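K.L.:
Before anything else, here's the structure in question.
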Amino acid sequence: MGRKNRSANLLSNLPQLQNLIKRDPQSYQEEFSQQLHHFEASLAIFELKPDEEASEFGEVISFLAQVAKCYPKQSANFPTQLIELVQKHYPVLDADLR
């Protein structure tokens, strides 16, 4: 299995990717970066309609919250982004996302 196929499979299986990152963060920096970019794009979309159901967005947030400590420089803004998200949209956030 090539690196591209492995990446594609892992990006759709966040629990498996989370496990692999925790075991060997250095080998999975690219996959983490992809998920971080996915979060940032999803955040921009979410900002447009914060009252809509966002289960996939929540899954990416949970994933990043678990592995961000493995990449402190890349994820330095992640906690601030979450705090701002909750502060700005708390009244309309889906209960599962909160």
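For the sequence shown, position 37 matches number 36 in numbering that gives the first Met the number 0, and the numbering has no gaps at all. Glycine is no exception: its CB is placed at the ideal position from the N, C-alpha and C atoms. Predicted, not measured: the structure shown is a model, and the values here were computed from it.
1) Who are the Cβ neighbours of Glu58 in its own chain at under 7 Å, not counting the five residues just before and after it?
2) Going straight from the alpha carbon of Leu42 to that of Arg22, what length do you get?
3) Thinking C-alpha only, which one of Pro49, Leu63, Ser54 is nearest Asn18?
4) If you count every other CB in all the chains shown that lies within 10 Å of the CB of Tyr89, and 16 or more means buried, which is it?
5) Shortest alpha-carbon distance to Gln33 belongs to which of Glu52, Lys48, Ser74?
P.N.:
Straight from the coordinates:
1) Hits under 7 Å: Leu13.
2) Leu42 and Arg22: Cα-Cα distance of roughly 28 Å.
3) It is Leu63 whose Cα lies nearest to the Cα of Asn18.
4) exposed
5) Ser74
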